[in-house]
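Novice: In this note's numbering, the protein residues as written are 39 to 567. Just so you know, even glycine gets a beta-carbon here, dropped at the ideal spot from N, CA and C. First the structure, then my questions, so here it is.
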């Protein structure tokens, strides 16, 4: 079984040294235009299909020999063994001694029919629990979905309890029933909750409180304020108008909530959309839609589990990320979804990748001599073209791009879709080809890399596959870097300090604080006086 102590460090492998040698020899001078001119089959060689996703990797700064070396790196780092350990229920989250089994949340119940499939033999009891909870959650979702008295669903959560559900509900808005509005409150800033509550009525509003422990500061502050608003506006039945997505049933009951749906310690927050945390999505797209969503993700899981490394899309993307981050030194990746329903896609990816792989030590806690996760940023097209694409085309820094496009539209304005897709293609083409001009202001250097991910349609199944693709891609790069992609200790320190400073804002006690924090504390205490 693969554990943190047996993982080989990538920079200590022969493939790593070979990659560095290859980059030093020609990688920094690689030109995409020459690569296409010298290889008429480059598009076919560097594009592939995976469940629900077509990927064109041909506009990236690598050739067949580089990708072969990257695959050698994966083998030397025992990527397949690391993948299989995760997919067998091993405790690959070494710092917290937990299994990582979000993939099990989308495993079909048919696998439990005797004889139990070998792939889930070690986790069959957990899968039975998963489907018992799923069936109950989806039954409740259908009840709410068909209840005309409930018009507004307010999800109160933060991090993975907000970013995933919010992104997915917006992405699949075309599948939501008329007469239902979905709201998401995450920030402890009261302006967000206050703005959400305006225009709502307690008798037609359902609050979903999403907190694994039912103690998350931001979530519980918002939940208590929502409950106070509910009573102040004449609400009388908390049990009907509040539900909890938590493992702390006792605390939820003390709050007045009787409807709860739990999940397990092997479900990380940023991977929890597939669990009861996905309840708002299940209400939006219905039980059948949610099962399709899980099915699309499971199809990508099986692709990741079974496809050879050379044709395994999550592997190819994860290795490309390693190639760009360390060898090229690219510090960020820009994500541009050319579909307005994917407006929260980039925010979701930020947590998935940067919280997972934004680490400076390896799985043993030793400082790394190389960089890990890039900064993820972006905006839906075509808005981004009129904001930051200037820097992408003519700026000094090279930023790898990732386009996401959807072939079919779900509206009756066909000319819009044609123009949208033309813009996505044009931007990728312009980044690569550039344009030579003696006028420096009009010169586009080109040779700017990009990946193009294409969905035939934006459906529950295709979105599920796209998300699972990104999850596994993050796992691949983290496995190569030798880090634990499933903890997030970096979010803890600020939380602890905030609790202390909240008390100091009342008392004015600045003892032991640095001069800057003490000065700001004093200024905030006396603002407006």
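1) What does the alpha-carbon distance come out to for the pair residue 174 and residue 313?
2) Assuming residue 351 and residue 86 make a contact with CB atoms under 8 Å, what is their CB distance in whole Å?
3) Taking the beta strand (DSSP E) that residue 94 belongs to, which residues open and close that run?
4) What are the boundary residues of the beta strand (DSSP E) that includes residue 415?
5) Of all the options 136, 84, 449 and 80, which has the alpha carbon lying nearest to the alpha carbon of residue 522?
6) Do residue 499 and residue 331 count as a contact pair if the criterion is CB distance below 8 Å?
7) In the structure shown, what three-state DSSP assignment does residue 274 receive?
8) What is the DSSP secondary structure of residue 71, reduced to helix, strand or coil?
9) Mind checking whether residue 437 and residue 368 have CB atoms under 8 Å apart?
10) Quick one: residues in its chain with C-beta nearer than 6 Å to the C-beta of residue 144, no 5 flanking neighbours on either side, listed in chain order?
11) Express the C-alpha separation of residue 432 and residue 538 in angstroms, rounding to a whole number.
12) Measuring straight from C-alpha to C-alpha, what distance separates residue 408 and residue 212?
13) Can you tell which of 434, 310 and 425 has the C-alpha that lies nearest to the C-alpha of residue 505?
14) Could you tell me which of 190, 226 and 122 sits nearest to residue 158, measuring between CA atoms?
15) Throw me the rounded Cβ distance for the residue 99 and residue 487 pair, which I believe falls under 8 Å.
16) For residue 302, count neighbouring Cβ atoms within 10 angstroms of its own Cβ and tell me buried if that reaches 16, exposed if not.
17) Mind listing, in chain order, the continuous alpha helix (DSSP H) runs of no fewer than 4 residues lying wholly within the segment 430-484?
18) Please return the same chain residues whose Cβ sits closer than 6 Å to the Cβ of residue 280, not counting the five positions on each side in sequence.
19) Give a yes or no on contact between the segment 371-384 and the segment 440-456, applying the rule of three or more CB pairs nearer than 8 Å.
20) With distances taken from CA atoms, which of 553, 551, 543 and 549 is nearest residue 565?
21) Of the residues 507, 528 and 471, which one's Cα is nearest the Cα of residue 88?
22) Look at residue 192 and residue 243 and say whether their C-beta atoms are less than 8 Å apart.
23) Three-state secondary structure (DSSP) at residue 524?
24) Could you tell me if residue 67 is buried or exposed, where buried requires 16 or more neighbouring beta carbons within 10 angstroms of its beta carbon?
25) Could you check whether residue 394 and residue 512 sit closer than 8 Å to each other, using their CB atoms as the reference points?
26) For residue 364, which residues from the same chain have a beta carbon less than 8 Å from its beta carbon, with the 5 sequence-adjacent residues on both sides left out?
27) Please report the residue range of the alpha helix (DSSP H) in which residue 239 lies.
28) Is residue 114 closer than 8 Å to residue 55 when the C-beta atoms are compared?
29) Taking 6 Å as the limit between beta carbons, can you name the residues of its chain near residue 117, skipping five residues before and five after?
30) Hey, is the segment 314-323 in contact with the segment 147-167, meaning 3+ C-beta pairs nearer than 8 Å?
31) Who are the Cβ neighbours of residue 559 in its own chain at under 8 Å, not counting the five residues just before and after it?
32) Are residue 48 and residue 111 closer than 8 Å when you measure CB to CB?
33) In the DSSP assignment, the alpha helix (DSSP H) including residue 87 goes from what residue to what residue?
34) Say whether the segment 56-75 touches the segment 424-431, bearing in mind that this needs 3 or more beta-carbon pairs closer than 8 Å, one atom from each stretch.
35) To the nearest angstrom, how far is it from the Cα of residue 139 to the Cα of residue 124?
36) Hey, residue 172 and residue 149 are a contact pair by Cβ (cut 8 Å); roughly how many whole angstroms apart?
Specialist: Concretely, from the data shown:
1) About 12 Å.
2) The C-beta separation of residue 351 from residue 86 comes to about 6 Å, placing the pair in contact by the 8 Å criterion.
3) Here the beta strand (DSSP E) through residue 94 covers 91-94.
4) Its beta strand (DSSP E) spans residues 413-416.
5) Closest by C-alpha distance to residue 522, out of 136, 84, 449 and 80, is 136.
6) Contact flag set, yes.
7) Residue state, collapsed to three classes: coil.
8) It is helical.
9) Yes, the Cβ-Cβ distance between residue 437 and residue 368 is below 8 Å.
10) In its chain, beyond the 5 residues on either side, 312, 332, 335 and 336 have a beta carbon closer than 6 Å to the beta carbon of residue 144.
11) For residue 538 and residue 432, the distance between alpha carbons rounds to 46 Å.
12) Taking the straight line joining both Cα atoms gives about 43 Å.
13) In terms of CA proximity to residue 505, 310 leads the group 434, 310 and 425.
14) Out of 190, 226 and 122, 122 has the C-alpha closest to the C-alpha of residue 158.
15) Right, their Cβ atoms sit about 5 Å apart.
16) Per the 10 Å Cβ criterion, buried.
17) Correct list: 452-471.
18) Cβ within range, chain order: 245 and 295.
19) The segment 440-456 and the segment 371-384 touch, with three or more beta-carbon pairs separated by less than 8 Å.
20) Taking only the C-alpha atoms, the option nearest residue 565 is 543.
21) Of the candidates 507, 528 and 471, the residue whose Cα lies closest to the Cα of residue 88 is 507.
22) Yes. Within cutoff.
23) Note: residue 524 maps to coil in three-state DSSP.
24) Per the 10 Å Cβ criterion, exposed.
25) Going by C-beta atoms, residue 512 is nearer than 8 Å to residue 394.
26) Cβ neighbours of residue 364 beyond the five flanking positions: 408 and 409.
27) Premise fails: residue 239 is in no alpha helix (DSSP H) and is neither H nor E.
28) Taking 8 Å as the cut-off, the beta carbon of residue 55 is found no closer than this to the beta carbon of residue 114.
29) Excluding sequence neighbours, residue 117 sits near 517.
30) Counting Cβ pairs under 8 Å, fewer than three are found: no touch.
31) Same-chain partners within the cutoff: 539, 542, 543, 546, 548 and 551.
32) Yes. Within cutoff.
33) Segment 85-88 is the beta strand (DSSP E) holding residue 87; no alpha helix (DSSP H) there.
34) No: the two stretches stay apart, fewer than three of their Cβ pairs being nearer than 8 Å.
35) If you take the alpha carbons of residue 139 and residue 124, they lie about 7 Å apart.
36) Incorrect: roughly 14 Å between the Cβ atoms, too far for contact.
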